[in-house]
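Counting with full-length UniProt numbering, you get residues 1 to 393 for the letters of the sequence shown.
Some notes on the structure that comes next.
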Amino acid sequence: MSRSSSSAPAPPGWPRRHIEQSDEGQVRVRLTDRSTGETSAVTAGYVLGCDGANSLARSTIGSTMQDLVFTQRWLVVDLATDADLAQWEGVHQVCDPVRAATYMRIGERRYRWEFQLLSGERAEDYRDMTRLHSLVRPWTGDLRAEQLEIVRTAEYTFRAQIADHWREQRLFLLGDAAHLTPPFIGQGMGAGLRDAANLTWKLAAVLDGRLPEHVLDSYEAERKPHARSMINLAKLVGAAMTAGGDTGSALRRLLAPRLHRLPGLSNRILDSRTPALHRSALVDRGRLGLGLAGRLCPNAPLPDGRRFDDLTAGRYALVTSAAVTPALRSEIHDRGGVLVTAPPGTALHRWLRSGHTAAALVRPDGTVQRTAPDPKALCGLLRAPSSYGRFRG
């Protein structure tokens, strides 16, 4: 019956879990309530393992984490105060060669600091305001310790890791189960959301018979290189913030005011623009890998005041700056697609021109599948019925 199975312990208060894959094309998840001993089971055609860094789903499929050589221990501190810290609005990165830090406001009266822990330090060392006060004083100034309320302190270990494979038959890995990203570019949760956006519309299409089952192979083919690229970028930014001692600090003072002049750096880091997906069954980048294929279509404003996502609503879209005949317009509609015109002067028209094309086929997750100079060449790739649900990568 069981082709692969695994069990894992759970934290206090959580049920024990067990996952089995059968040769009959089903996955069964069994849960045991540890307080009552009562067992329940859920059987599904597919299971998405979004179960974190200590993933049971990952152990079930025999996948292991590859260490991308980055480990740092950080202290996270949340404080509350009625005092006015408005002069520190925004997110601040302190590139101190001894103790790097991050600061941000996270609520009406709540603020967060993150400090790199030094060798031998633990979060337990900072449970009271006596020691914390010296760390936060650059932001809090003359505020007395009693004006600051500790909401929480916690220790996190920032790691860079990626699973060696993300799927076995009907069990998939997503989020921290598949990859761990240091937080320096704020893309950790975003990577997990991209996993879900990439996979779920494909699963919906396969289950409804609109796409063949083999296209599910494109999930790992597309997402794994992309996740690795973002992990490497986060490592680079983390090293730029914290590495090099006094020499590194001097280089940061020299280079930081000039970084905005480097072509593409702002797009990659400050604007969080991500690289194109690799070629797959659902990304036709061509031999040279140039152009818009594999990239996200912008959620641009449309002439009628709506945004691109409002109009497409999780469906395939054909975006074009070329003239469209009534017959082609009707065919796009009959195939369940959405026609999005991009007249001159609009953001989508400029986007198409940047990719040296007049038409782009955009998947339900917002990724460009293919481009062409003539929209008619893309119409045959549209697949009815009309909707896969609302997803965006």
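Backbone N, C-alpha and C define an ideal beta-carbon position, used for all residues, glycine too.
Quick caveat, the model's predicted, so the values are computed rather than measured.
Item, Value
"Sort out for me which residues DSSP pairs Met104 with in a bridge.", "Val91, Arg112"
"So the beta strand (DSSP E) Thr153 belongs to, where does it begin and stop?", "149-163"
"If you measure between the beta carbons of Leu292 and Thr357, is that distance less than 8 Å?", "yes"
"So is Val91 buried or exposed if we call it buried at 16+ other beta carbons inside 10 Å?", "exposed"
"Taking DSSP as the reference, what is the three-state secondary structure of Ala384?", "Any reading at Ala384 is ruled out, since the residue's pLDDT is 49, under 50, leaving its predicted position unreliable."
"My assumption, with CB atoms under 8 Å, is that Val27 sits in contact with Arg170. Please give the rounded CB distance.", "5 Å"
"Looking only at C-alpha atoms, which of Gly37, Leu85, Arg99, Arg30 sits nearest to Thr242?", "Arg99"
"On the DSSP bridge list, what partners appear for Trp201?", "Trp201 pairs with nothing; no bridge assigned."
"Over what stretch of residues does the alpha helix (DSSP H) that includes Ser40 continue unbroken?", "Run containing Ser40: none in the alpha helix (DSSP H); it sits in the beta strand (DSSP E), 39-44."
"Report yes or no: do the stretch 208-217 and the stretch 368-382 share at least 3 C-beta pairs separated by less than 8 Å?", "no"
"Helix, strand or coil for Thr320? Go by DSSP, reduced to three states.", "strand"
"So is Ile61 buried or exposed if we call it buried at 16+ other beta carbons inside 10 Å?", "buried"
"Looking only at its own chain, which residues have a Cβ that is under 7 Å from the Cβ of Thr320, when we skip the five neighbours before and after it?", "Thr341, Ala342, Ala358, Ala359, Pro375"
"State the DSSP-derived secondary structure class of Val237, mapped to helix, strand or coil.", "helix"
"So, with DSSP's three-state summary, where would you put Arg28?", "strand"
"Got a sec? Which residues, its chain only, sit under 7 Å from Arg370 by beta carbon, not counting five neighbours each side?", "Asp284, Ala293, Leu361, Leu378, Leu381"
"Taking all protein chains shown into account, decide if Leu288 is buried (16 or more other Cβ within 10 angstroms of its Cβ) or exposed.", "exposed"
"Please go through the same chain and pick out, in chain order, the residues whose beta-carbon is closer than 7 Å to the beta-carbon of Asp195, but skip the five residues on each side of it.", "Leu174, Gly175, Ala178, Arg223"
"Let's test the definition: count the other Cβ atoms within 10 Å of the Cβ of Gln147 and tell me whether it reaches 16, buried, or not, exposed.", "exposed"
"Can you tell me where the beta strand (DSSP E) holding Leu79 begins and where it ends?", "65-80"
"Grab the span of the beta strand (DSSP E) containing residue 396 for me, first residue to last.", "The requested residue 396 is not part of the displayed model; the chain covers only 1 to 393."
"What is the DSSP secondary structure of Gly389, reduced to helix, strand or coil?", "Summary for Gly389: the model assigns pLDDT 47, below 50, so the residue's position carries little reliability; its value from the coordinates is reported in the next sentence. In this structure, Gly389 counts as coil in the three-state DSSP scheme."
"Rank Asp164, Ser229, Ala372, Met129 by C-alpha distance to the C-alpha of Gly355 and give the top, closest one.", "Ala372"
"On a CA-only basis, which of Thr102, Gln116, Ala83, Arg30 is nearest Glu108? Give me that one, please.", "Ala83"
"Look up Pro301 in the DSSP assignment and say whether it is helix, strand or coil.", "strand"
"Per the DSSP calculation, Leu277 is bridged to which residue(s)?", "According to DSSP, Leu277 bridges with nothing at all."
"Would you call the CB atoms of Gln161 and Ala234 closer than 8 Å?", "no"
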